[in-house]
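In my numbering, the protein residues as written are 605 to 1181.
Just so you know, even glycine gets a beta-carbon here, dropped at the ideal spot from N, CA and C.
First the structure, in the form of structure tokens, and then the observations on it.
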Amino acid sequence: MKPASRLVLDCAGTKMKYLSALQGMTLEQIRSVIEIMQQSSDAYLFILDLTADTYMLSEKATKRFPFHSIVIENCTETLKSVVYTSDYEMVAADLEKCRSGEKDSHELEYRWLDRMNRVVWISCKGTVVSGAEGHRLLIGAVSELGTKAKADNITGLRREARFRLNMESTLRDHPESVRYLMRIGIDNFKEINEKEGVEAGDEVLRELADCMIKTVDESVDIYRLVADEFMIVDTGKGRKREPRAVYRQIQETIAAMARNKEYSRFYTVSAGVLEEDFAGRTVEELMRFTEFALNEAKRNGRNQMIMFDRAAYEVYLERLDIRKSLRQDVSHDFRGFEVYYQPIVSAEDYRLIGAEALLRWKNEKFGSVSPALFIPILEESGLIIPVGQYVLWEAAKICKKWKQYIPEFHVNVNLSYVQLYKSDMMRDVERCIQEVGIDPESLVLELTESGYIETNDRIKELFKDLKSRNIDLALDDFGTGYSNMRYLKEIDAKTVKIDRTFVVQALRNEYDFNIISHIIDMVHSLGSAVCMEGIEEKEELSKMMATKPDMIQGYYFGKPTPAGQFEKDYLQATGSL
Ligand code: C2E
Ligand code: MG
Ligand code: MG
């Protein structure tokens, strides 16, 4: 047994009366005391005799970390192999201050290496007391930050809780020092976990963490946030580097690692960067802004870096606000929504044969909002499903009424792909036809060409069912997408609606005019009719008539108007335009 004098204790010193119980104890007895106390703590307890360079720690610590015994004679040397290399100097300097009397306490967060050589963030806290023979003793505890959600033992990085604490003090004390924040996310991380297993996911996280550590210099902080996101904080201590250069280097390092592993696994990362005046900012704001920028990078197609843009963020916030109002209005029995109708005339004699139902939305806060803005928000939020039903019902009811004026009258209703993919369209249409009591031939469903993604079996089945029920489909906005004839065949459209942008081009130059003429011929040869949209002026009409459309819709014949107005202007008056 080693003599107790190796830890030189003194009960006479004023600071350490509580140590009196230890005086005269053998090292074995002191060890027993530590072990007893250890049972009631998650932290690793220790006594470090700074003067004798002797370290005594609990047995629990020796199991987790590469200490060869519970009493270490040559503490400074041993710590070199336990403390993460680049943190060692900082730790040694602080201990030296405690030893020399410059400091009376030690409180640092740094990294140790565990027995598997993995990085573990720890917090070491201790108080210096005087021992016998002028020895200075540091008595304290080491706790793992990972257990307090402040560090992550998969990547060896500190976690969000620590990022928040550190950022709070930085923003308070010297916000001007922060150069930028870069939030990094692994693209399609969920897929890696699902397809290759959680172990593979962990490996990717570790690999990326290593890669970021290699890329940035020591003065730059890296934290692991939620699952697959990291935050790099340039706190302005090291050499200045552009965030884009840092991001590129991370990308290149990941690519090089994939190459070395013969592409057994390949992944990419996206980044959102916040680089601005940080004074007055809160941590919450930093989290929100960087999250927004990262999401923008992902929305834009991933594997790229996006700088936070305040104007884009404002637009995003406004959209959120609009979405909230839309939700409220939908749940209040479609408050503020109204269906307008725009005449569709026969190109043969310009007589009224139908109308397109066009949704309008007016809100107390936002006034009249353009469909170009609110329809995509309805789609993103799924609200287009109930709202689409509302439009369908309204349009069917009015069509039934207007057929009294014009028996062959039909109404066109725009369908969103969200309705197609995420709701039971056939059931809704069937119910509507039955409950309203309208013949299916009077209903035309418009699908845009540009929204087309894929026609899976279920959708093909739906098109067939609609066809068998005599409900016609129209291919809307033709000319804004790929003008794909194959799609025309796939949805078996009875009508193709040529978009105004295409018409405008044709009016401007001969080449486009010829293209439109040929397209119309082709559509005719495939057995579909053509409706030309967006005819505003008499001259436009005369010129475009040469392309031989079957129907015309445009301001020249009438703008979209509320149902009452439409009935008054076009139906009660003459029954034709
Ligand atoms: P769309 O289906 O192509 O509807 C035609 C659009 O062109 C309408 O815009 C109409 O007002 C406009 N328009 C008609 N004639 C002219 C013209 O001569 N000149 C010009 N410059 N424009 C003309 P609106 O009402 O703003 O609707 C925009 C789009 O919003 C619609 O394009 C449609 O894709 C969508 N939409 C409207 N209502 C609904 C709806 O109930 N459901 C769904 N899913 N989408 C809808
Ligand atoms: Mg339409
Ligand atoms: Mg259109």
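Sequence-ordered residues whose beta carbon comes within less than 5 Å of a heavy atom of ligand 2: Asn1018, Glu1050 and Asp1080
Residues sharing a beta bridge with glycine 789, DSSP: Here residue 789 corresponds to residue number 185 of the sequence shown, with the count starting at 1. DSSP output for glycine 789 lists Glu833 and Ser874 as bridge partner(s).
Inter-stretch contact (C-beta, 8 Å, three-pair minimum) for the region 1141–1159 and the region 929–944: no
Nonlocal neighbours in the same chain, by C-beta distance under 6 Å from arginine 783, ignoring five residues either side: Counting from 1 along the sequence shown, the entry for residue 783 is found at position 179. Taken in chain order, the residues that qualify are Asp838 and Gly840.
Residue of Tyr1025, Lys1098 and Val1022 minimising C-alpha distance to leucine 1047: Numbered from 1 along the sequence shown, position 443 holds the residue referred to as residue 1047. The shortest C-alpha separation from leucine 1047 is found at Lys1098.
Three-way DSSP call (helix, strand, coil) for glutamine 946 in this model: Indexing the sequence shown from 1 puts residue 946 at position 342. In this structure, glutamine 946 counts as strand in the three-state DSSP scheme.
Neighbour-count burial assignment, isoleucine 640, 16 or more Cβ in a 10 Å radius: By 1-based counting over the sequence shown, the position of residue 640 is 36. It is exposed - the Cβ of isoleucine 640 has fewer than 16 other Cβ atoms within 10 Å.
Segments of 3+ residues assigned as beta strand (DSSP E) that fall wholly inside the region 998–1048: 1014–1019
Straight-line Cα distance separating threonine 1105 from tyrosine 954: Locating residue 954 in the sequence shown gives position 350, counting from the first residue. Locating residue 1105 in the sequence shown gives position 501, counting from the first residue. For tyrosine 954 and threonine 1105, the distance between alpha carbons rounds to 22 Å.
Distance, alanine 951 Cα to serine 1180 Cα: Taking the sequence shown and counting its residues from 1, one reaches residue 1180 at position 576. Taking the sequence shown and counting its residues from 1, one reaches residue 951 at position 347. In this predicted model, serine 1180 has a pLDDT of only 48, less than 50, meaning its place in the structure is not dependable; the value taken from the coordinates is given anyway. So the two alpha carbons sit approximately 13 Å from each other.
Length of the line joining the Cα atoms of proline 1164 and glutamate 960: As a working mapping, residue 1164 is identified with position 560 in the sequence shown. As a working mapping, residue 960 is identified with position 356 in the sequence shown. Near 8 Å, if we compare the C-alpha coordinates of glutamate 960 and proline 1164.
Other residues of its chain near tyrosine 622: CB distance less than 7 Å, five sequence neighbours each side excluded: One-based indexing of the sequence shown puts residue 622 at position 18. With a pLDDT of 41 at tyrosine 622, under the threshold of 50, the modelled position of this residue cannot be trusted, and the question is left open.
Among Glu663, Ser773, Gly940 and Asn721, the one whose alpha carbon lies nearest that of tyrosine 688: Here the question's residue 688 lines up with position 84 in the sequence shown. Measuring from the Cα of tyrosine 688, the nearest candidate turns out to be Asn721.
Phenylalanine 978 - DSSP class collapsed to helix/strand/coil: For this step, residue 978 is matched to residue 374 along the sequence shown. If DSSP states are grouped into helix, strand and coil, phenylalanine 978 belongs with the helices.
Rounded separation between glycine 1041 and lysine 1064 - CA only: Numbered from 1 along the sequence shown, position 437 holds the residue referred to as residue 1041. Numbered from 1 along the sequence shown, position 460 holds the residue referred to as residue 1064. When rounded, the distance between both Cα atoms is 26 Å.
For phenylalanine 1161, three-class secondary structure by DSSP: Walking along the sequence shown from the start, residue 1161 turns up at place 557. In the structure shown, phenylalanine 1161 sits in coil (DSSP, three-state: anything other than H, G, I, E or B).
Rounded separation between glycine 760 and alanine 831 - CA only: Position 156 of the sequence shown, counting from 1, holds the residue named residue 760. Position 227 of the sequence shown, counting from 1, holds the residue named residue 831. Straight-line Cα distance between these residues: approximately 14 Å.
Spatial distance of isoleucine 638 from tyrosine 867 (CA atoms): Against the sequence shown, residue 638 aligns to sequence position 34. Against the sequence shown, residue 867 aligns to sequence position 263. So the alpha carbons of these two residues sit roughly 51 Å apart.
Local conformation of histidine 710 per DSSP, three classes: Mapped onto the sequence shown, residue 710 falls at position 106. Histidine 710 falls in the strand class under three-state DSSP.
C-alpha distance - methionine 605 paired with methionine 660, whole-angstrom precision: The residue given as residue 605 occupies position 1 in the sequence shown. The residue given as residue 660 occupies position 56 in the sequence shown. Because methionine 605 carries a pLDDT of 38, less than 50, the predicted location of this residue cannot be relied on, and the following value inherits that uncertainty. Their Cα atoms are separated by approximately 14 Å.
Own chain, CB closer than 7 Å to asparagine 797, minus 5 neighbours either side, in chain order: Walking along the sequence shown from the start, residue 797 turns up at place 193. These residues qualify, in order along the chain: Gly805.
Distance between asparagine 907 and alanine 860 (C-alpha atoms, nearest Å): The sequence position of residue 860 within the sequence shown is 256, counting from 1. The sequence position of residue 907 within the sequence shown is 303, counting from 1. Going by the C-alpha atoms only, they are around 15 Å apart.
Distance between threonine 666 and methionine 909 (C-alpha atoms, nearest Å): Position 305 of the sequence shown, counted from the first residue, corresponds to residue 909. Position 62 of the sequence shown, counted from the first residue, corresponds to residue 666. Each residue's Cα considered, the two are about 44 Å apart.
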